Amino acid sequence: MAQVILDRRDVDFVLHEQLEVETLSKHEKFEEFTRKTIDLIVSEARNLAVKEMLPTLKPGDEEGCTFDKGQVRVPESFHKLHGLFREGGWIAMCDDPEWGGQGMPATVALAAKNFFNGANFPFTLNTLLTHGAGKLVEIFGTEKQKQLFLKKMYTGEWGGTMLLTEPEAGSDVGALTTTAVMNDDGTYSISGSKIFISSGENDLVENIIHPVLARIEGAPAGTSGISLFLVPKIRVNDDGSLGEFNDVVCTGIEHKMGIHGSATCSLTLGGKGQCRGTLLGEVNKGMRAMFVMMNEARLDVGMQALGCASASFTNALNYARERVQGRHLQAAGKDAPPVPIIQHPDVRRMLLTMKAYTEGIRSIMYFTGFCEDMIRISGDANEKARWQGLIDVLIPIAKGYASDRAFDVCNMGVQMFGGYGYTKEYPQEQLLRDCKITHIYEGTNGIQAMDLLGRKLSLNQGQAFRDLLDEMTKTADAARAVGRLEGLAEGLSNVIARLEELALHMTKTARSEKMMSAYAVAYPFMEVTGDTIMAWMLLWRAIVAAKSLESGAKKKDVVFYEGQIRSARFFIGSLLPVTLGKMSAVITDDGTIMEMDEESFGGK
Numbered sequence: 002m003a004q005v006i007l008d009r010r011d012v013d014f015v016l017h018e019q020l021e022v023e024t025l026s027k028h029e030k031f032e033e034f035t036r037k038t039i040d041l042i043v044s045e046a047r048n049l050a051v052k053e054m055l056p057t058l059k060p061g062d063e064e065g066c067t068f069d070k071g072q073v074r075v076p077e078s079f080h081k082l083h084g085l086f087r088e089g090g091w092i093a094m095c096d097d098p099e100w101g102g103q104g105m106p107a108t109v110a111l112a113a114k115n116f117f118n119g120a121n122f123p124f125t126l127n128t129l130l131t132h133g134a135g136k137l138v139e140i141f142g143t144e145k146q147k148q149l150f151l152k153k154m155y156t157g158e159w160g161g162t163m164l165l166t167e168p169e170a171g172s173d174v175g176a177l178t179t180t181a182v183m184n185d186d187g188t189y190s191i192s193g194s195k196i197f198i199s200s201g202e203n204d205l206v207e208n209i210i211h212p213v214l215a216r217i218e219g220a221p222a223g224t225s226g227i228s229l230f231l232v233p234k235i236r237v238n239d240d241g242s243l244g245e246f247n248d249v250v251c252t253g254i255e256h257k258m259g260i261h262g263s264a265t266c267s268l269t270l271g272g273k274g275q276c277r278g279t280l281l282g283e284v285n286k287g288m289r290a291m292f293v294m295m296n297e298a299r300l301d302v303g304m305q306a307l308g309c310a311s312a313s314f315t316n317a318l319n320y321a322r323e324r325v326q327g328r329h330l331q332a333a334g335k336d337a338p339p340v341p342i343i344q345h346p347d348v349r350r351m352l353l354t355m356k357a358y359t360e361g362i363r364s365i366m367y368f369t370g371f372c373e374d375m376i377r378i379s380g381d382a383n384e385k386a387r388w389q390g391l392i393d394v395l396i397p398i399a400k401g402y403a404s405d406r407a408f409d410v411c412n413m414g415v416q417m418f419g420g421y422g423y424t425k426e427y428p429q430e431q432l433l434r435d436c437k438i439t440h441i442y443e444g445t446n447g448i449q450a451m452d453l454l455g456r457k458l459s460l461n462q463g464q465a466f467r468d469l470l471d472e473m474t475k476t477a478d479a480a481r482a483v484g485r486l487e488g489l490a491e492g493l494s495n496v497i498a499r500l501e502e503l504a505l506h507m508t509k510t511a512r513s514e515k516m517m518s519a520y521a522v523a524y525p526f527m528e529v530t531g532d533t534i535m536a537w538m539l540l541w542r543a544i545v546a547a548k549s550l551e552s553g554a555k556k557k558d559v560v561f562y563e564g565q566i567r568s569a570r571f572f573i574g575s576l577l578p579v580t581l582g583k584m585s586a587v588i589t590d591d592g593t594i595m596e597m598d599e600e601s602f603g604g605k
């Protein structure tokens, strides 16, 4: 039977064969998460996604969100989904049961999110920031703040957001103008306006808790003077009951290209001088705290993009097997019958490209979650630092590179359907529209590239990036011991060596008088880094598959394993040579981008 949303077999392959996630149950932290339990969780997530979430994708897009006098209504069908999410404990899957979480490994939670985002990304966006805001309370909150807010957020009774962006500041958060003035009772009066707030107002929950970046009077300019505040939509009394409205007013929602089922709001805080918040964390340390939420959100954005790509590829594959059109190119005679389009060479090229990227991105995402799990079970400080360094380097790739390639997959997904792909009769066009936002929010992909160049290459004196190179090299070395993969191992090794050389060049140039030229090619540098990591993941998959074939795989698995090997062969043999060309272009940049006179761009 045809799969929908994504291939469960591939999810199981990454979890149990590539990452061997059930070995985490050997540690007390995850002892209850045996393979049987993990499979049950993934099955429950899949059932919810297929039976309840997927049927609401199109109606939610068509109905959209409505705004009326400060009130926002989400699609009606989302209310049932939210109830099911709450009942299943899906909002805080990895968190402490004391606060309403399930305590599961991050790797397993990402598998569940893969299904959820593939089924209905706009709906899941309504709950995503609730968890991130709750995590800020858990890490930086006082005991009183935790008691008042945390469990109700983690269980979905209350919602949460992230209030960073302002009309004039945009991505330059340090230029924000929202102010905080301390009151006699220790609270702060908050005044300002925020824009592009996902789920900043909605009718799914009775209260929304807003982490808000603001500047206390007299604080330094820029990001060093920003503090973080917890600002509820409705004030919360000391006994946990709801008090009066807190002067947080939604002034409108955006009319967007996609994600119509998720309201993107403009909010005014303290328009009547009655908005109160409490300090979350330390004074002037707001950006440092907010990055905890932003890094989680960036990985989640990558998961949203993967969800769109997974669904688009699965739809395209099913369609290609069913859609009969055109004679086989080698058919003899004009009377030869038409064949399913999967038999046409260009269709197969697109499908294999979609397959390689979708599966490779899945491995990147799940591996990043696995790194988080290793931190949680490790008792060695150096080992924890090593895993954290890998996460830090991977985040720009998991958000920036992954969302770029996922959008490419969705674009091919439309193309696969021909003219029908451009119509609303099929979900392909919505998946493409919805996926686009993943390039933009939580730091545009250009900002992710700057983060990789400006911060991550030199993290821990460059050790974090070297550790990543070492991990990739280990896989290439392991592949050499597998006869049919030796050529692929050499292909990856060559690109790793070239990437190391390029990284040193970029680091040096970024610290020189040619700094601007280095940042002008930061984006293609992120692309080639992502390509290399993609090749690593696909070769890692191929090693597992080849060994399974050598040991006598079950007949039903042989075709799947052969598909893994061919995906790696296609990517490393056909796409990775292009990466080498991109690397040459980056390292030989002649400075044209920055030397170009503004008037020479034209338009005047």
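Numbering-wise, my numbering puts 450 at position 449 of the sequence shown, and it's gapless, one number per residue. We treat Cβ as the ideally placed atom computed from N, Cα and C, and that holds for glycine. Since the structure is predicted, the reported quantities are computational estimates derived from the model, not experimental observations.
Checklist line | C-beta contact flag for Ile42 and Val109 at 9 Å | finding: yes
**Message:** Quick check on the burial criterion: 16 or more other C-beta atoms within 10 angstroms. Buried or exposed for Asp405?
**Reply:** With 16 or more Cβ atoms within 10 Å of its Cβ, Asp405 is classed as buried.
Q.
Cutting at 6 Å between CB atoms, please list the residues of its own chain near Gln103, excluding the five before and the five after it.
A. Gly90, Met94
Note the first and the last residue of the continuous alpha helix (DSSP H) segment covering Thr35. Taken as a continuous stretch (DSSP letters only), Thr35 belongs to no alpha helix (DSSP H), as it is neither H nor E.
Report task. To the nearest angstrom, report how far apart Val325 and Arg349 are at their CA atoms. Result -> 14 Å
* If you draw a straight line from the C-alpha of Glu32 to the C-alpha of Ser26, how long is it? -> 4 Å
Check: What residue ranges within the segment 487–569 form continuous alpha helix (DSSP H) runs of no fewer than 4 residues, ordered along the chain?
Finding: Qualifying alpha helix (DSSP H) stretches, in chain order: 487–511, 516–521, 523–551.
Thr279 (DSSP reduced to helix, strand or coil) = strand
### Query
Going by Cα to Cα distance, which pick from Arg567, Arg512, Val250, Ile343 is closest to Thr269?
Val250
On the three-state DSSP scale, how would you describe Met258?
coil
Can you tell me the Cα-Cα spacing of Glu21 and Val15, whole angstroms? Their backbone Cα atoms lie some 8 Å apart in a straight line.
Check: Which residues mark the beginning and the end of the alpha helix (DSSP H) in which Cys372 is found?
Finding: 346–378
Problem set entry | Given 8 Å, three or more beta-carbon pairs between the segment 567–576 and the segment 536–545 | These segments touch.
Query raised in the report: Opposite Leu55 in the DSSP bridges: which residues?
Result: Its beta-bridge partners do not exist; DSSP assigns none.
query = Taking DSSP as the reference, what is the three-state secondary structure of Leu20?
reply = coil
According to the neighbour-count rule (16 or more other Cβ atoms, all chains shown, within 10 Å of its Cβ), is Met304 buried or exposed? buried
What would DSSP say about Ile227, mapped onto helix, strand or coil?
coil
With distances taken Cα to Cα, identify the nearest neighbour of His440 among Glu502, Leu300, Leu469, Asn121. Leu300
For His329, the three-state DSSP class (helix, strand or coil): coil
Next item on the list: Return the first residue and the last residue of the beta strand (DSSP E) that Glu245 is part of.
Entry: 243–246
Can you tell me where the beta strand (DSSP E) holding Cys266 begins and where it ends? 265–270
The beta strand (DSSP E) enclosing Ser404, as first and last residue numbers:
Looking at the DSSP string, Ser404 is not in any beta strand (DSSP E); the run it does join, the alpha helix (DSSP H), is 403–417.
Check your understanding: Between Val415 and Glu430, is the Cβ-Cβ spacing less than 9 Å?
Key -> yes
- Query: Which stretch, first to last residue, makes up the beta strand (DSSP E) that contains Arg74?
  - Reply: Annotation for Arg74: the continuous beta strand (DSSP E) segment containing it runs 72–74.
- Query: Helix or strand or just coil, what does DSSP make of Leu391?
  - Reply: helix
query: Taking the continuous beta strand (DSSP E) assigned at Asp69, which residues delimit it?
result: 67–69
Check: Taking C-beta to C-beta, are Phe150 and Val293 nearer than 9 Å?
Finding: Result no, Cβ atoms of Phe150 and Val293 do not sit closer than 9 Å.
* Please name the residue or residues paired with Cys251 in a DSSP beta bridge. => Leu268
Notebook entry, point to check: What do you reckon, are the CB atoms on Leu458 and Met507 nearer than 9 Å?
Noted result: It is a contact, given that the beta carbons lie within the stated cut-off.
Checklist entry - For the beta strand (DSSP E) that contains Lys195, what are its first and last residues? => result That run of the beta strand (DSSP E) goes 189–199.
Original post:
Buried or exposed: which applies to Phe602, given that a residue is buried once 16 or more other Cβ atoms fall within 10 Å of its Cβ?
Top reply: exposed
Exercise. Do Met288 and Leu214 have their C-beta atoms closer together than 9 Å?
Worked result: Yes.
Same chain only: Cβ atoms within 8 Å of Cys66, ignoring 5 sequence neighbours per side: Excluding residues within five positions, the ones whose Cβ falls inside 8 Å are Val73, Arg74, Val75, Pro76, Asn203, Ile254, His261, Gly262, Ser263, Ala264.
Endpoints, alpha helix (DSSP H) assigned at Arg289:
287–323
### Query
Is Gln19 closer than 9 Å to Asn319 when the C-beta atoms are compared?
no
task = Could you work out which residue in Asn238, Arg277, Thr162, Asp239 is closest to Val206 when comparing CA atoms only?
result = It is Thr162.
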